[in-house]
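**Student:**
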Amino acid sequence: MTVPGRRSSTFIRLLRSGFTDPSSAARLLESAVLASVRTDPVLLDALGATADPDLALLGLVRLAEAQRPDELPVLLDTLLSAKPLRDRLLGVLGASEALADHLARHPRDWHALVTYEAADLHPGLADFERGLADAHDPVTLRIAYRRCLLSIAARDVCGTIDLAETAAELADLATATLRAALRIASAAAPEDAARCRLAVIAMGKCGGNELNYVSDVDVIFVGDATKGTDEGQAVQAATRLASHLMRICSETTVEGTIWPVDANLRPEGRNGPLVRTLASHLAYYQRWAKTWEFQALLKARAVAGDPELGAQYIEAITPLVWQAAERENFVADVQKMRRRVIDNIPAAQVDRELKLGPGGLRDVEFAVQLLQLVHGRSDATLHSGTTLDALHALAAGGYVGRADAAQLHDAYRFLRVMEHRIQLYRLRRTHLVPEDENDLRRLGRSMGLRTEPVAELNKAWRRHASVVRRLHEKLFYRPLLDAVAQLTPGETRLSPRAAGQRLEALGYADPADALRHLEALASGVSRKAAIQRTLLPVMLGWFADSADPDAGLLNFRKVSDALGRTPWYLRLLRDEGAAAENLARVLSAGRLAPDLLMRAPEAVALLGDPEGLQPRTSEALEQEVLAAVGRAEDPETAVAAARGVRRRELFRTAAADIIASYGTEDSPAETDPGALVDRVGRAVSDLTAATIGGALRAAVRAHWGDTLPTRFAVIGVGRFGGRELGYGSDADVLFVHEAREGVDEQEAAKAAQAVIAEMRRLLQLPTADPPLLIDADLRPEGRSGPLVRTLPSYAAYYRRWSLTWESQALLRAEPVAGDPELGARFIELIDPLRYPAEGLGETAVREIRRLKARMETERMPRGADPTLHTKLGRGGLSDVEWTVQLTQMRHAWNEPGLRTTRTREALAAAHAAGLIPTEEAQILDEAWVLATRVRNAVMLVRGRAGDTFPSEPRELAAVGRYLGYAEGTVGDMLDDYRRTTRRARAVVDDLFYGA
58 MTVPGRRSST FIRLLRSGFT DPSSAARLLE SAVLASVRTD PVLLDALGAT ADPDLALLGL
118 VRLAEAQRPD ELPVLLDTLL SAKPLRDRLL GVLGASEALA DHLARHPRDW HALVTYEAAD
178 LHPGLADFER GLADAHDPVT LRIAYRRCLL SIAARDVCGT IDLAETAAEL ADLATATLRA
238 ALRIASAAAP EDAARCRLAV IAMGKCGGNE LNYVSDVDVI FVGDATKGTD EGQAVQAATR
298 LASHLMRICS ETTVEGTIWP VDANLRPEGR NGPLVRTLAS HLAYYQRWAK TWEFQALLKA
358 RAVAGDPELG AQYIEAITPL VWQAAERENF VADVQKMRRR VIDNIPAAQV DRELKLGPGG
418 LRDVEFAVQL LQLVHGRSDA TLHSGTTLDA LHALAAGGYV GRADAAQLHD AYRFLRVMEH
478 RIQLYRLRRT HLVPEDENDL RRLGRSMGLR TEPVAELNKA WRRHASVVRR LHEKLFYRPL
538 LDAVAQLTPG ETRLSPRAAG QRLEALGYAD PADALRHLEA LASGVSRKAA IQRTLLPVML
598 GWFADSADPD AGLLNFRKVS DALGRTPWYL RLLRDEGAAA ENLARVLSAG RLAPDLLMRA
658 PEAVALLGDP EGLQPRTSEA LEQEVLAAVG RAEDPETAVA AARGVRRREL FRTAAADIIA
718 SYGTEDSPAE TDPGALVDRV GRAVSDLTAA TIGGALRAAV RAHWGDTLPT RFAVIGVGRF
778 GGRELGYGSD ADVLFVHEAR EGVDEQEAAK AAQAVIAEMR RLLQLPTADP PLLIDADLRP
838 EGRSGPLVRT LPSYAAYYRR WSLTWESQAL LRAEPVAGDP ELGARFIELI DPLRYPAEGL
898 GETAVREIRR LKARMETERM PRGADPTLHT KLGRGGLSDV EWTVQLTQMR HAWNEPGLRT
958 TRTREALAAA HAAGLIPTEE AQILDEAWVL ATRVRNAVML VRGRAGDTFP SEPRELAAVG
1018 RYLGYAEGTV GDMLDDYRRT TRRARAVVDD LFYGA
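If you read the sequence shown in our numbering, its first letter stands for residue 58, the second for the next number, and so on.
(1) Determine whether the beta carbon atoms of Leu439 and Gln429 lie at a separation below 8 Å.
(2) Closer than 8 Å by C-beta to Arg573: which residues in its own chain qualify, once you throw out the five before and the five after it? Chain order, please.
(3) What residue from Val490, Ala291, Leu532, Gln426 has the CA that sits closest to Asp461's CA?
(4) Between which two residues does the alpha helix (DSSP H) containing Leu298 stretch?
(5) In the DSSP assignment, find the unbroken beta strand (DSSP E) run with Asp602 in it and report its ends.
(6) Any chance you could list the alpha helix (DSSP H) runs of at least 4 consecutive residues sitting entirely within the region 914 to 954, in chain order?
(7) Is DSSP giving Pro872 helix, strand or coil here?
(8) Does the distance from the C-beta atom of Thr960 to that of Glu938 stay below 8 Å?
(9) Which residues does DSSP list as the beta-bridge partners of Thr1054?
(10) Please classify Arg499: does DSSP put it in a helix, a strand, or coil?
(11) With three or more C-beta pairs closer than 8 Å as the rule, is the region 114 to 133 touching the region 80 to 88?
(12) Rounded to the nearest angstrom, what separates Arg485 and Ser272 at their Cα positions?
(13) Suppose the cutoff is 6 Å on Cβ atoms and the five residues either side in sequence are ignored; what does the same chain contact list for Val332 look like?
(14) Which value, in whole angstroms, describes the spacing of the CA atoms of Phe185 and Ala233?
(15) Taking only the alpha-carbon atoms, compute the straight-line gap between Ala368 and Ala359 and give it to the nearest angstrom.
(16) Please look up how many angstroms separate the CB atoms of Tyr719 and Arg642, rounded, as I've assumed it's under 8 Å.
(17) Note down the Cα distance separating Arg73 from Ala108, rounded to an integer number of angstroms.
(18) Can you tell me where the alpha helix (DSSP H) with Ala382 in it begins and where it stops?
(19) State yes or no: is the C-beta of Val737 within less than 8 Å of the C-beta of Asp723?
(20) Quick one, are the C-beta atoms of Arg999 and Thr824 less than 8 Å apart?
(21) Cα-Cα, which of Tyr456, Val276, Gly116 is closest to Leu560?
(22) First and last residue of the beta strand (DSSP E) that includes His794?
(23) Closest by CA to Pro893, which one among Arg903, Ala910, Thr861?
(24) Leu879 by DSSP, collapsed to three states: which one?
(25) Beta-carbon within less than 7 Å of Ala608's beta-carbon, same chain only, minus the 5 sequence neighbours each way: which residues are those?
(26) Taking only the alpha-carbon atoms, compute the straight-line gap between Ser243 and Ala256 and give it to the nearest angstrom.
(27) Under 8 Å: do the region 163 to 172 and the region 123 to 138 share three or more Cβ pairs, one atom per stretch?
(28) Look up Phe769 in the DSSP assignment and say whether it is helix, strand or coil.
(29) What are the start and end residues of the beta strand (DSSP E) that includes Cys253?
(30) Check for me: the beta strand (DSSP E) holding Gly334 runs from which residue to which?
(31) Could you compute how far the alpha carbon of Tyr669 sits from the alpha carbon of Glu977?
(32) Please report the residue range of the alpha helix (DSSP H) in which Ile200 lies.
(33) State the DSSP-derived secondary structure class of Arg507, mapped to helix, strand or coil.
(34) Counting C-beta neighbours from all protein chains within 10 Å, is the total for Glu638 16 or more, i.e. buried, or is it exposed?
(35) Classify Arg63: buried if its beta carbon has 16 or more other beta carbons within 10 angstroms, exposed otherwise.
(36) Kindly indicate the opening and closing residues of the alpha helix (DSSP H) around Gly148.
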């Protein structure tokens, strides 16, 4: 009978030793092979010290069971008597299931861990070459490779070597393996080996002496002919050898694989020849190579094959690497490279990605490599392929702040150790943090976190990732401030030349001006300067992410000069998380928003309020404007107040539009462009209506007191009536009046004319605020007709003289200001005209089509590209709007949904009524929205209205950024615009012209 207490004691002891499954562990300890050691407390304590005691015990039993009878006592005796072996062997068994499998298959390989001489602690390349010397085929090479890997892993998990030493040894082992594989390939094809010289150049982490446990080994092959051999035949022979080398390392055998050999970093990638001569390599790099290829070459190192040829390659490409920052397209390439590409990571994995996720290893590596490219051309101390060595050199040279470098160093080491431990478990290439609790526990314990390993691991990982996220951008910019701030004597700083080089590399067109702005903002010991030094590293990065970083920085200096003495401004940017990024986006996106802000810098407060960017209702706007007008002493002051409200609200609308279009770090860009267009159209139209209403109230009060002798209404037409105004749109209107009871018609008409003249004068007075132009040219008889009519006059004109196009223009008529009852009666008057009973006759349809065709030929500006003109061009606004309006005039009499002034609403109603098929309706809507957004973008970027894309490259790039196109893809933007509008024109030809 088993004594319960004894079992309970064993169970508790195992539990205290770190076993998660004490019952299974107890059964394993009862195995016959462990009979002589199962009660020894040394063994249990040693197992408990491993990352995963359960895994270590299972691996030990498997290894013991695989021993020959005469070998088992040797293993167990050595295990108990030799602490170095015990720690190494059990450490590996508790951290790596894959290496435990290897030891079970090759039970004598544990002897590789016995020796503990000084030289054994830090083997070099020659030691690994000796370890692989007897390998004569892929299988024996794999066995020997794993045996060598076993010794590295043992010293790693025991803490005998640190991260840098582990990574360097793994790179040395990879070098020795490549040499052994080439030796085996050459032995298999001696004729090929005799015809050529072949050099293997390691790239990536292998080239940088910082390899992972499981990683692709990136290589480039360089070939040359031996004496008396034709070059073409030599390259073919070298290609066969290189291909065989890759297969030897990459293919899966009974002993598994080693790692993939990846040659895709070669010129032309996988489309280029596997082996080139040195001359061919140089020709490619001098003529065709992109910036990222020189970044990759930072780590190039000759590792195998012909040493002389390898040395010649490195000597030849090194100057090209350090001249890359002087290339014409370097800035554009860098801006593309700086944007992390994580779209190819499944959404569920982004938060577990150690390498590519936010705050991951790639952030540190990229930042270091970019700074090396920028400053290494004039400082040879930066010429290192190893990330941590290069980071140390950057700090020593003043290119990176010492404190920042120290934090990044610690974070990078921690993340790399995590990566190593994750890969070591099953020797699989992965950068994902596991989700399973047991895996996380083993990972945490392997990194020395023993109290609450899972919680401690997650906390430390998030902390280090946060450091990387926070610093990897500041790494570029903080030394720029140190270069101009002149704070602590004795600190190593960037020279003005180095600071200029860095700004230029980050997209600043005038580095000297940028440095002057930084000096003005950040110099001195004031609280204001101290806060600016905190803000600017991040702000500079956001500016550099735009199409015009120089303008962003200049505008920021202007705003800061205007508001720097107000206590709330810098506090807002420092403490309100979104305010600083929102401001950076707005200041660097074009001219309109900054110009509006400069006229009243206090509007920057809107950017820190979560509700500050929401459009205000038409009622709230009207109430504020009328209240401001009512407080004013004269009409000029009144309308100045109304225009001030308009300017602030235009800024609110433009800022919200820019931020939603660009997106921020915490909020992605708006994915529905139609929603953006509708939001801007409603906001600007409501604002324009409120401003006109305020001007009307001011004009009446100044000359007639509270009551005008005639009732008066303003009717919005065109895009104004459709609530589709853009930033640069005029206000198209009609005026209607009706004499009050007892007032002479002539006196009433004069009063109406006078109030219109006064409104126009007041709205166009020269002030700091943008003028509001009122355009009444769509009135009956156009410019030749009276500015204002009575309802009977309108009725008589429309009954007798009206043309079809005038009825069409009334489709978007809607009261916007003045007497609401009079406006409603005007709408009653025109409804039968714009929605004719039984629809348009064929004669009227032909007239509209003729007029549209004539307009296309006569009104297009000379020299304009008809494929890119947003208003009159192919598939542009006019095409879509006339098609929708023709549908309204033909069918709105019996389709109430078509009775709307809004283009998109009418288009949706036509689709719902079955008048326009689904695909055609989507094509027309997409084209109209795109053309409208382009017009808005042009106004935002240039500060003045335009119907075509800008020709100046920076302005064109800024339009592209607003539309969601990355740097360097304006060609794609123009192609997409042409494609969208070409499809829309095909629909117009079918629906409008009946083609």
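Every residue, glycine too, gets a C-beta built ideally from N, C-alpha and C.
**Tutor:** With the structure as the only source:
(1) Yes.
(2) Within its own chain, no residue has a Cβ closer than 8 Å to the Cβ of Arg573 once the five positions on either side in sequence are excluded.
(3) Check the Cα spacing between Asp461 and each of Val490, Ala291, Leu532, Gln426: the tightest is with Leu532.
(4) Annotation: the continuous alpha helix (DSSP H) that includes Leu298 extends over 288 to 307.
(5) No beta strand (DSSP E) holds Asp602; DSSP gives it neither H nor E.
(6) 934 to 948, all fully within the region 914 to 954.
(7) The answer is strand: DSSP assigns Pro872 an E or B state.
(8) In contact: Thr960 and Glu938 (Cβ atoms closer than 8 Å).
(9) Beyond the ends of the chain as shown, which are 58 and 1052, falls residue 1054; an answer cannot be given.
(10) Arg499 falls in the helix class under three-state DSSP.
(11) The region 80 to 88, when compared against the region 114 to 133, does touch it at the 8 Å Cβ threshold.
(12) The alpha-carbon separation between Arg485 and Ser272 amounts to approximately 8 Å.
(13) Cβ contact annotation for Val332 (same chain, cutoff 6 Å, sequence separation greater than five): Phe278, Gly280, Val292, Ala295, Thr296, Ala299, in chain order.
(14) Taking the straight line joining both Cα atoms gives about 6 Å.
(15) Whole-angstrom Cα-Cα distance: 7 Å.
(16) The beta-carbon distance between Tyr719 and Arg642, rounded to whole angstroms, is 5 Å. This is short enough to meet the 8 Å contact definition.
(17) Taking the straight line from one Cα to the other gives about 14 Å.
(18) Neither: Ala382 is in no alpha helix (DSSP H) and is coded neither H nor E.
(19) Their beta carbons are not under 8 Å apart, which means Val737 does not touch Asp723 by this criterion.
(20) Not in contact: Arg999 and Thr824 (Cβ atoms no closer than 8 Å).
(21) By alpha-carbon distance to Leu560, the top candidate from Tyr456, Val276, Gly116 is Tyr456.
(22) It spans 788 to 796 - the beta strand (DSSP E) in which His794 sits, taken as one unbroken run.
(23) The option with the nearest alpha carbon to Pro893 is Thr861.
(24) Three-state result, Leu879: helix.
(25) If we look at Ala608 and ignore the five residues flanking it on each side, its Cβ neighbours are Ser645.
(26) Roughly 13 Å separates the two Cα atoms.
(27) Short answer: they touch.
(28) When DSSP states are grouped into helix, strand and coil, Phe769 belongs to the strand group.
(29) Going by DSSP, Cys253 is part of the beta strand (DSSP E) stretching over 253 to 259.
(30) With the sequence shown as reference, residue 334 is identified as Thr, and Gly is not the correct amino acid for it. Annotation for Thr334: the continuous beta strand (DSSP E) segment containing it runs 332 to 334.
(31) First, the amino acid is wrong: residue 669 is Gly here, not Tyr. The alpha-carbon atoms of Gly669 and Glu977 are separated by roughly 38 Å.
(32) Its alpha helix (DSSP H) spans residues 195 to 214.
(33) Coil, per DSSP.
(34) Residue environment for Glu638: buried (at least 16 other C-beta atoms within 10 angstroms of its C-beta).
(35) Legend: pLDDT at Arg63 = 47, less than 50; position of this residue unreliable, value from coordinates given subsequently. Taking all protein chains in view, the Cβ of Arg63 is surrounded by fewer than 16 other Cβ atoms within 10 Å, so the residue is classified as exposed.
(36) Start and end: 140 to 152.
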